[in-house]
Structure formats: C-alpha cells, structure tokens
Amino acid sequence: MGDHFSGLPPEIVQKIFVHCLPTTEGWWREHSRNMLNPTWAPVLLMHVCSRWRKLTLDCSGLWTDFTFNLVSYDPGLTSVELSRLQSRKWEEISLWNRARKDFLISLSVRIRDRLHSHNLSSDAPARWSEHVKAIVIDNAIRLQRLRLECRFMEAAAFFDLPSEKLVNLQCLDLSDMAYQDFVVASQRLSTVPRIQRLAVRLHGHDLNNVNPTFPTWSHLRVLVLEGSTGVSFRSILQNCRNLEQLSTSVLRPDTSSPLHGHVVARNLVALSVAFDVESDPSFFKDISFPMLTRLRIACIEYSRTFSWGNSKHFPRHSHFLSQLGSLKTLILSFLDICGADLLQLLSSMPNLERLVVDSELQTHTSFLAGLIFTPEKPLLAKLRHFKLCIDLTSASTYPSFERTLEELGPAVFQMILSRLSSSGFPTIDCCPEPLQRVQLVHTDHPMFNDRMHTALTVPPEVEPFMAGIDFSVERPIDDSAWAPDEIVVW
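In structure tokens:
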C-alpha cells in the first residue's frame, strides 16, 4: 500500500494521515469497546513496513498530540508489576519524543487510580513524576496546549518552570486540584504571557464558608472554573480584567466585600453561571456587562435555587435586566419561571437569535402562543434557533398536563409558521427572520414518550412549509445534552 503514496506530495500524504487515521480519543471511545490509547495509532503504522515507517515519521501532524493515560491503574500493584507498567510507559514516551517534530504540540496527562475518583491524597507517593517530567518539561518550549489531570505533586516540576520556558503555551486545563495548590500554581503561571484559555476543576472541601479571592490572571480571555469551591464571583471579574468568556458556578453566598465598588466586565461577551445556592438577579446588582451577547443562567441539577421572581419583581432587578438588550443567545437551565413572566423578560431582548428554555414553565402551550409573531406583537424578530426542553416526569404531575399534551403540537407548529411566512405583514421590514432550527427535547417517560412524538409529528398540511427548517423531537442521551454550555477551553 505504501507504493500508492510514494508519488504524492508530502503535504497531501500528511492530510490523508491526519484526517483519516483514528488518532483521537473521541474516535476510539465511539468505535471501540476496548479502548486503545490513540497515541498508538501512528505507532502501529510504523511496524507495517519500512516504507510505512518512513511515511509515518515524516508526517509531523501525527506527532503534535500526545496523551499519557493512566485513568484506571491499580494502586495496589506489586513492585514488579508497577515496574513493568512504568517501563511500558517509558517506551511510549521515548518513542513519541524521538518521533515528534519541532512544531507546537498538545499534551494531556491523566493519572487516576481505579480505587479513587480523585487520586489526591497528599501522602501518596508521586510514582509518575519522572514520567510527567519527561513528557512536559522536555517539551515545554513547544507546548501550546496542556491538560493536567493528576495530583499536584506528580506535576510539581511543571509548576516550577520559569515563564520564559512556556512562551508558546496558550491553553491550560488543570483538573482535580486543591484550591491552595491552584493558588501556588497561579503565582507561577499567571505571568506566562500567552496563556489565554484556562480551565480549572477544583475540589474545595477545605474552604468551609470562606469566599476565597480568585488569583490574578491578567492575560486570560476564556475561563472555565468548576468544582465544589466558593471562589468569589466578583473577584474573578476583578482579577481577570480581560475575560471575554466565563463559565463558573456559585455554590455559596458571596460574602466578600466589594474591593473597588462597582465592577465593569468590559470585555465579557459570554457568561455561564450555575447556582447551587438561593439567589436571584440581584446577585449581579453591582456588576455591569456592556458587551454581553451570550448568557446561560442555570441551577445545578434540579435544585431550582435561582429565581427570577414574577414580573412585579422585575423593576427591582432593573440594573441587570437593562443589560440584556444586546443578548443574542439565552440559555435557561433548571429554573422556575412561569411562561408569562418569561415572555415579559424576553420582550427586553430584541436582538435574541438563539433561545434554549430548559425550565419548569408549567404552561408550555401558553408560552408557545406568546412566541407567535404578529405585527402587533413582534416578539424576538431575529430568533433563528429555538430549543424547548420538557421534563415529562415533572410536567405530568400537573392536572392540566393531558390537555397540554394534546395542545402542544398545534401550538408548536402555529408558532413556527408565524415565523416562516411573510404573508399578513404590511411591509417586508415587519417580517421576522425565518426560523432555521427548532428542537423539542424531553426526558424519558414510558407513559408519554410515544404520545409526545405523536403530538409533535408534522401534519401533512404544514409539511410543505417546513422544508427549510431543521425540526427535531428527541430525548437527550445524557445530562450534558440537557444543559448545553458553549464555553470551552480545549
């Protein structure tokens, strides 16, 4: 087979190799029950024949990503078994170090034993620190993206590196870190000039009721902060002044006093906040987001701790609500808000293009009726993508649910048709933007699954008008699809 490649230009061969070979973890996870470390895909090719070996080694794109994967090793291995495992890993590292070229690279280090979901014990021996050093330290100058999912001690050598050794590092993902270890890491890494994207997953069981201050990272553009920590939301905005995208959670009341009064997040365009503590829009009363275009407000799982209140409370939250006029994307997850109040809230968002409602409306049909576009009620004229998530288990407890289920289909299609046709509008300027995508997502309920899909089957008389729209009715595979979050680092 190698003969077929011999006459092709090297750049074409590289494209074939990089785009056609299964070298990513996602491919193996999707297509293989027996997980093979994706690093070994090019390694296996090298053993086919000498011609394949040369092609593989000459293809730099195959050696720009490396994963050191130990996510389920047995910490009770005997010394002989551990030595064999370490030797195999040394061979893997050595081969990759010999083959990789002088290009920017992405590295992932994942070390967790099978007995503990987080191998964080500070008194456990650092068995893999030399391996991590050989992967990360020897390639520090070429690092563009780095993911560390291991104990702080295993990667201590990395955190001791001077910033001039990491001049190309742009994306950093730190998982399963204690907050105090993260503070130490921040003191050493926050001066790295090109780090713009940071993901941190903290475990903060030692924080008690304190709201610790987030360390200063002046260069950050994107921050994803997760974990059971009570880091002050205000301090994130104050100490990361150039943030453009932020995803975080609020797990306890923010008792920190304002350091500089009113906070203005001048560059923030995307914000995702998940609450696990009683709160409402007054949480944002001393904060301004002049550039905000994407907002996700969520409650962690089904806690429903964030309350918009009803429309009579809106004037009290006027500072925050007045900043939503520039929103293009709004995602509401696991909230309690009635349909009428949500419609009034949406009336202050004339530029909204994407709306995801995964909240307990109780009256889904009246909410859909409120979204019907007319010249007299031109609500959300720019809406293109609409997603409505219905919790059948919860909704079915309401006395009117049977009737709601019967009315749901007509309400959905009437709303869609009102936003697809220009007939009935006096001028073209009055027409809404045509809908491009409508998703109806529901939880699994054996009594109502079939009825839900029957109710939302496109009627024959409506079908000709649906040609240009992506319409779907589905059940989410897992909770990650249930509460989407668009802010990513890696």
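Position one of the sequence shown corresponds to residue 1 (the UniProt record's numbering), numbered consecutively onward.
Using N, Cα and C, we set each Cβ at its ideal position, and we do this for glycine too.
Keep in mind it's a predicted model, so treat the numbers as computed, not measured.
Task: Pick from T365, H262, Q86 that is closest to residue 494, judged by C-alpha positions - done: Nothing can be reported for residue 494: it is not among the residues displayed for the chain, which extend from 1 to 490.
TODO: Determine the extent of the alpha helix (DSSP H) in which M415 is found, giving its start and end residues.
DONE: 401-418
Open item on the list: Let me make sure I understand the geometry here. Which of V277, G261, F289, K285 has the alpha-carbon closest to that of L271?
Closed with: F289
Open item on the list: Checking the sheet assignment: what are the DSSP bridge partners for S472?
Closed with: Q439
TODO: Compare the C-alpha of G339 against each of D358, F103, G325 and name the closest.
DONE: D358
Task: Contact check, K285 vs F320, beta carbons under 9 Å - done: yes
Task: Every unbroken alpha helix (DSSP H) within the segment 134-221, with a cutoff of 4 residues, ordered by chain - done: 156-159, 179-189
Task: Exposure of A140, with buried meaning 16 or more beta-carbon neighbours within 10 Å - done: buried
Open item on the list: For a test of the three-state rule: what should DSSP assign to H31, helix, strand or coil?
Closed with: Bear in mind that the predicted position of H31 carries a pLDDT of just 46, short of 50, making it unreliable; the figure below should be weighed with that in mind. Note: H31 maps to helix in three-state DSSP.
Open item on the list: What does DSSP give as the partner residue(s) for G227 in the beta ladder?
Closed with: L202
Task: Helix, strand or coil at D341 according to DSSP, with G and I counted as helix - done: helix
Open item on the list: Taking the alpha helix (DSSP H) that K382 belongs to, which residues open and close that run?
Closed with: No alpha helix (DSSP H) holds K382; DSSP gives it neither H nor E.
Open item on the list: Counting C-beta neighbours from all protein chains within 10 Å, is the total for E91 16 or more, i.e. buried, or is it exposed?
Closed with: exposed
Task: Residue closest to L388, alpha-carbon to alpha-carbon, out of L456, F152, R142, Q170 - done: L456
Task: Local conformation of I300 per DSSP, three classes - done: coil
Open item on the list: I'd like the list of long-range same chain contacts for S418, defined as Cβ closer than 6 Å, with 5 residues on each side in sequence excluded.
Closed with: I372, F373
TODO: In the DSSP assignment, find the beta strand (DSSP E) that holds Q245 and state where it starts and stops.
DONE: 245-250
- [ ] Tell me where the beta strand (DSSP E) around I331 begins and ends.
- [x] 329-336
TODO: May I ask you to list the residues that DSSP assigns as paired with C389?
DONE: V441
- [ ] Could you tell me whether the Cβ atoms of V263 and T248 are closer together than 9 Å?
- [x] no
TODO: Kindly indicate the opening and closing residues of the alpha helix (DSSP H) around residue 493.
DONE: Nothing can be reported for residue 493, as the shown portion of the chain is limited to 1 through 490.
Task: Nearest neighbour of R188, chosen from T216, V200, F68, L268 [CA to CA] - done: T216
Open item on the list: How far does the alpha helix (DSSP H) with F320 in it extend, from its first residue to its last?
Closed with: 318-321
- [ ] State the beta-bridge partners of R354 as determined by DSSP.
- [x] T329, H385
- [ ] With a threshold of 16 other CB atoms inside 10 Å of the CB of T393, please say whether the residue is buried or exposed.
- [x] exposed
Open item on the list: Tell me the DSSP secondary structure of R127 in three-state form.
Closed with: coil
TODO: Excluding the 5 residues preceding and the 5 following S122 in the sequence, name in chain order all residues of the same chain whose CB lies nearer than 6 Å to its CB.
DONE: With a pLDDT of 49 at S122, under the threshold of 50, the predicted position of this residue should be treated as unreliable, though the coordinate-derived value follows. Contacts found: none.
Task: Inter-residue Cα distance where the pair is E244 and L383 - done: 24 Å
Task: DSSP state of N69 mapped onto helix, strand, coil - done: strand
Open item on the list: Checking the sheet assignment: what are the DSSP bridge partners for L346?
Closed with: In the DSSP output, where bridge partners are listed per residue, L346 has none listed.
- [ ] Just tell me which of M415, I469, L405 has its CA closest to the CA of D450.
- [x] L405
Open item on the list: Less than 8 Å between C-beta atoms, sequence neighbours within five positions excluded: which residues of the same chain meet that for N242?
Closed with: S218, H219, L220, R221, N267
- [ ] Specify the secondary structure class of L82 as computed by DSSP and reduced to three states.
- [x] helix
- [ ] Hey, could you find the ends of the alpha helix (DSSP H) S272 is sitting in?
- [x] Here S272 belongs to no alpha helix (DSSP H); instead the beta strand (DSSP E) covers 270-275.
Open item on the list: Could you check whether V441 and I416 sit closer than 9 Å to each other, using their CB atoms as the reference points?
Closed with: no
Open item on the list: Please report the straight-line C-alpha distance between N351 and P281, rounded to a whole angstrom.
Closed with: 20 Å
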